[in-house]
Amino acid sequence: MKKYYLFSVLLYTVQVYSQCTEDECGPYPGMPNYLCQDGVTMAGPSDCTVLDNGDCGWEIIICPQVTFTGYLREIEMSWCMDNCSHFYIETESGDYLSNVTDLDDLGSLNYFKDRYVVLSGEEVWCVECVAIDVAEITIVDNCEMPVDCFQDPCIEANCSAYPNAQCSSTYCGGCYADFYQNGDLITDCTS
1 MKKYYLFSVL
11 LYTVQVYSQC
21 TEDECGPYPG
31 MPNYLCQDGV
41 TMAGPSDCTV
51 LDNGDCGWEI
61 IICPQVTFTG
71 YLREIEMSWC
81 MDNCSHFYIE
91 TESGDYLSNV
101 TDLDDLGSLN
111 YFKDRYVVLS
121 GEEVWCVECV
131 AIDVAEITIV
141 DNCEMPVDCF
151 QDPCIEANCS
161 AYPNAQCSST
171 YCGGCYADFY
181 QNGDLITDCT
191 S
(Lines of atoms letter the chains of each structure in order from A and count residues from 1; the text may use other names and numbers.)
(Lines give C-alpha, C1' and ligand atoms only; values in the text may rest on other atoms or scores of the structure.)
Protein backbone atom coordinates (compact mmCIF):
# COMPACT_ATOMS: atom_id res chain seq x y z
CA MET A 1 0.00 0.00 0.00
CA LYS A 2 2.81 2.37 0.92
CA LYS A 3 4.61 1.71 -2.39
CA TYR A 4 1.41 2.26 -4.38
CA TYR A 5 0.73 5.57 -2.59
CA LEU A 6 4.33 6.76 -3.09
CA PHE A 7 4.23 5.77 -6.78
CA SER A 8 0.93 7.64 -7.28
CA VAL A 9 2.33 10.79 -5.66
CA LEU A 10 5.48 10.66 -7.78
CA LEU A 11 3.48 10.05 -10.96
CA TYR A 12 1.15 12.97 -10.19
CA THR A 13 4.12 15.22 -9.35
CA VAL A 14 5.86 14.37 -12.64
CA GLN A 15 2.66 15.04 -14.59
CA VAL A 16 2.06 18.41 -12.89
CA TYR A 17 5.63 19.61 -13.39
CA SER A 18 5.91 18.33 -16.96
CA GLN A 19 3.04 20.47 -18.24
CA CYS A 20 3.40 24.05 -19.41
CA THR A 21 1.07 26.98 -19.01
CA GLU A 22 0.20 29.28 -21.91
CA ASP A 23 2.11 32.08 -20.16
CA GLU A 24 5.26 29.94 -20.24
CA CYS A 25 4.78 29.20 -23.96
CA GLY A 26 4.40 32.83 -24.93
CA PRO A 27 1.90 34.34 -27.36
CA TYR A 28 -0.07 31.97 -29.58
CA PRO A 29 1.58 31.65 -33.03
CA GLY A 30 -0.26 33.69 -35.65
CA MET A 31 -0.36 30.95 -38.24
CA PRO A 32 -3.41 29.12 -39.60
CA ASN A 33 -4.33 25.48 -39.16
CA TYR A 34 -5.04 23.64 -42.40
CA LEU A 35 -5.86 20.12 -43.55
CA CYS A 36 -2.93 18.34 -45.20
CA GLN A 37 -3.30 16.62 -48.56
CA ASP A 38 -3.47 13.25 -46.83
CA GLY A 39 -6.95 14.31 -45.66
CA VAL A 40 -6.19 13.32 -42.06
CA THR A 41 -3.45 15.51 -40.58
CA MET A 42 -4.36 18.99 -39.36
CA ALA A 43 -1.19 21.08 -39.60
CA GLY A 44 -0.38 24.26 -37.72
CA PRO A 45 -0.03 25.26 -34.08
CA SER A 46 -1.23 22.72 -31.54
CA ASP A 47 -0.89 22.65 -27.76
CA CYS A 48 1.36 24.46 -25.33
CA THR A 49 3.72 21.68 -24.28
CA VAL A 50 7.23 20.74 -23.19
CA LEU A 51 9.41 20.67 -26.33
CA ASP A 52 12.22 18.21 -27.03
CA ASN A 53 14.81 20.63 -25.64
CA GLY A 54 12.91 20.85 -22.32
CA ASP A 55 11.55 24.37 -22.84
CA CYS A 56 7.88 25.22 -22.96
CA GLY A 57 6.55 26.19 -26.38
CA TRP A 58 3.83 25.72 -28.93
CA GLU A 59 3.89 22.39 -30.72
CA ILE A 60 3.75 22.97 -34.48
CA ILE A 61 2.32 20.03 -36.41
CA ILE A 62 3.62 19.70 -39.96
CA CYS A 63 2.19 17.73 -42.86
CA PRO A 64 3.84 14.43 -43.74
CA GLN A 65 6.23 14.49 -46.68
CA VAL A 66 4.50 13.92 -50.02
CA THR A 67 5.82 12.82 -53.41
CA PHE A 68 4.51 13.82 -56.83
CA THR A 69 5.50 12.80 -60.36
CA GLY A 70 4.70 15.06 -63.28
CA TYR A 71 5.67 18.15 -65.23
CA LEU A 72 6.88 21.19 -63.30
CA ARG A 73 5.20 24.24 -64.80
CA GLU A 74 5.60 27.97 -64.29
CA ILE A 75 2.51 29.83 -63.09
CA GLU A 76 1.66 32.74 -65.37
CA MET A 77 -0.92 34.36 -63.10
CA SER A 78 -2.07 33.33 -59.62
CA TRP A 79 -4.22 34.49 -56.73
CA CYS A 80 -1.70 32.73 -54.52
CA MET A 81 1.00 35.11 -53.29
CA ASP A 82 4.68 35.10 -52.31
CA ASN A 83 7.00 32.14 -53.02
CA CYS A 84 4.12 29.70 -53.54
CA SER A 85 2.91 31.48 -56.69
CA HIS A 86 5.70 30.65 -59.14
CA PHE A 87 5.49 26.92 -59.96
CA TYR A 88 3.06 24.01 -59.91
CA ILE A 89 3.20 20.33 -60.85
CA GLU A 90 0.75 18.59 -63.15
CA THR A 91 0.21 15.06 -64.41
CA GLU A 92 1.11 14.01 -67.94
CA SER A 93 -2.51 14.54 -68.94
CA GLY A 94 -2.40 18.12 -67.61
CA ASP A 95 -4.26 17.68 -64.30
CA TYR A 96 -3.14 20.06 -61.54
CA LEU A 97 -1.52 18.36 -58.54
CA SER A 98 -0.09 21.10 -56.29
CA ASN A 99 1.76 24.39 -56.17
CA VAL A 100 5.51 23.95 -55.70
CA THR A 101 8.13 26.11 -54.02
CA ASP A 102 11.65 25.95 -52.64
CA LEU A 103 11.73 28.27 -49.66
CA ASP A 104 15.53 28.02 -49.43
CA ASP A 105 16.29 28.81 -53.10
CA LEU A 106 13.33 29.43 -55.42
CA GLY A 107 15.66 29.99 -58.39
CA SER A 108 16.91 26.41 -58.14
CA LEU A 109 13.61 25.21 -59.65
CA ASN A 110 14.14 27.12 -62.93
CA TYR A 111 16.26 24.32 -64.43
CA PHE A 112 13.40 21.86 -63.93
CA LYS A 113 10.72 24.03 -65.58
CA ASP A 114 8.67 22.02 -68.13
CA ARG A 115 10.60 18.87 -67.21
CA TYR A 116 9.14 15.55 -66.09
CA VAL A 117 10.23 15.15 -62.47
CA VAL A 118 9.69 13.33 -59.23
CA LEU A 119 9.66 15.74 -56.31
CA SER A 120 9.10 15.29 -52.62
CA GLY A 121 8.76 17.66 -49.72
CA GLU A 122 6.51 18.98 -47.00
CA GLU A 123 3.41 21.07 -47.44
CA VAL A 124 3.80 24.69 -46.40
CA TRP A 125 1.14 27.35 -46.02
CA CYS A 126 1.72 30.59 -47.89
CA VAL A 127 -0.44 33.74 -47.91
CA GLU A 128 -3.33 32.33 -49.95
CA CYS A 129 -2.49 28.70 -50.70
CA VAL A 130 -0.59 25.54 -49.86
CA ALA A 131 2.51 24.41 -51.75
CA ILE A 132 5.07 21.64 -51.57
CA ASP A 133 8.43 22.91 -50.27
CA VAL A 134 10.80 20.79 -52.37
CA ALA A 135 13.29 18.76 -50.38
CA GLU A 136 14.34 16.61 -53.33
CA ILE A 137 13.71 16.83 -57.07
CA THR A 138 14.89 14.46 -59.79
CA ILE A 139 14.46 14.42 -63.56
CA VAL A 140 12.97 11.11 -64.69
CA ASP A 141 12.41 9.56 -68.09
CA ASN A 142 9.58 7.12 -67.40
CA CYS A 143 6.80 9.24 -68.88
CA GLU A 144 4.06 7.51 -70.86
CA MET A 145 4.29 9.83 -73.88
CA PRO A 146 7.95 10.53 -74.75
CA VAL A 147 8.80 12.89 -77.61
CA ASP A 148 10.12 11.33 -80.82
CA CYS A 149 13.36 13.23 -81.51
CA PHE A 150 15.23 13.29 -84.84
CA GLN A 151 18.49 12.43 -83.09
CA ASP A 152 19.89 11.72 -79.66
CA PRO A 153 20.15 15.09 -77.81
CA CYS A 154 23.56 14.08 -76.40
CA ILE A 155 25.16 13.84 -79.87
CA GLU A 156 25.72 17.61 -80.17
CA ALA A 157 25.43 18.67 -76.51
CA ASN A 158 28.48 19.44 -74.41
CA CYS A 159 29.22 20.60 -70.92
CA SER A 160 32.33 22.77 -71.18
CA ALA A 161 32.57 23.42 -67.45
CA TYR A 162 32.64 19.67 -66.74
CA PRO A 163 34.28 17.90 -69.70
CA ASN A 164 34.18 14.49 -67.96
CA ALA A 165 30.46 14.70 -67.19
CA GLN A 166 28.22 11.97 -68.58
CA CYS A 167 25.34 12.95 -70.84
CA SER A 168 21.91 11.39 -70.38
CA SER A 169 19.15 11.83 -72.97
CA THR A 170 15.63 12.50 -71.75
CA TYR A 171 12.59 12.55 -74.04
CA CYS A 172 9.80 13.55 -71.65
CA GLY A 173 8.32 16.88 -72.75
CA GLY A 174 11.10 17.55 -75.27
CA CYS A 175 14.55 16.47 -76.41
CA TYR A 176 16.88 17.11 -73.47
CA ALA A 177 20.53 16.40 -72.76
CA ASP A 178 21.27 16.36 -69.02
CA PHE A 179 24.79 16.10 -67.65
CA TYR A 180 25.81 14.24 -64.51
CA GLN A 181 29.09 14.20 -62.61
CA ASN A 182 29.50 11.50 -59.94
CA GLY A 183 25.75 10.90 -60.03
CA ASP A 184 24.86 14.56 -59.37
CA LEU A 185 22.90 16.60 -61.92
CA ILE A 186 24.81 19.57 -63.32
CA THR A 187 22.41 22.48 -63.76
CA ASP A 188 24.98 24.97 -65.12
CA CYS A 189 27.46 23.77 -67.74
CA THR A 190 28.77 27.27 -68.52
CA SER A 191 30.60 28.09 -65.29
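Everything in the sequence shown is counted per full-length UniProt numbering, starting at 1 for the first residue and increasing by one. Just so you know, even glycine gets a beta-carbon here, dropped at the ideal spot from N, CA and C. The structure displayed is predicted, hence computed values, not measured ones.
For the stretch 179 to 189 and the stretch 141 to 161, state whether three or more C-beta atom pairs, one from each stretch, are separated by less than 8 Å.
Touching, per the Cβ criterion.
Touching by the beta-carbon criterion (3+ pairs, under 8 Å), the stretch 56 to 63 and the stretch 22 to 29
Output reads yes: the stretch 22 to 29 touches the stretch 56 to 63.
Tell me, please, whether the stretch 79 to 96 touches the stretch 42 to 50 by the rule of three or more beta-carbon pairs shorter than 8 Å.
The stretch 79 to 96 is not in contact with the stretch 42 to 50.
Here's the rule I'm using: 16 or more other beta-carbon atoms within 10 Å means buried, otherwise exposed. How should PHE150 be labelled?
Only exposed fits PHE150, as fewer than 16 other CB atoms lie within 10 angstroms of its CB.
Leaving aside the five residues before and after SER78 along the sequence, list all residues of the same chain whose C-beta is less than 7 Å from its C-beta, in chain order.
SER85.
Opening and closing residue of the beta strand (DSSP E) in which ASP133 lies
Annotation for ASP133: the continuous beta strand (DSSP E) segment containing it runs 130 to 139.
Element boundaries [beta strand (DSSP E), containing CYS25]:
In the DSSP annotation of this structure, CYS25 is not part of any beta strand (DSSP E); the continuous alpha helix (DSSP H) holding it starts and ends at 22 to 25.
Which two residues bound the contiguous beta strand (DSSP E) that contains LEU97?
Per DSSP, the unbroken beta strand (DSSP E) holding LEU97 starts and ends at 96 to 101.
Simplified DSSP assignment, three categories, for GLY183:
Here GLY183 sits in coil by DSSP.
Got a sec, what are the start and stop residues for the beta strand (DSSP E) PRO45 sits in?
PRO45: member of the beta strand (DSSP E) spanning 42 to 50, first to last residue.
When THR101, GLU74, GLU128, CYS143 are compared against GLU136, the one with the closest alpha-carbon
Ranked by Cα distance from GLU136, the options THR101, GLU74, GLU128, CYS143 are led by THR101.
When you compare only the Cα positions, how much space is there between THR170 and THR21?
Looking at the two C-alpha atoms, the distance is approximately 57 Å.
DSSP three-state assignment for ASP178, whether helix, strand or coil
Taken through DSSP and simplified to helix, strand or coil, ASP178 comes out as strand.
Using 8 Å as the threshold, is the C-beta distance between THR69 and VAL147 below it?
A distance of 8 Å or more separates the beta carbons of THR69 and VAL147.
Using a Cβ-Cβ cut-off of 6 Å (strictly less than) and excluding sequence neighbours within five positions of GLN166, which residues of its own chain qualify?
Contacts found: TYR180.
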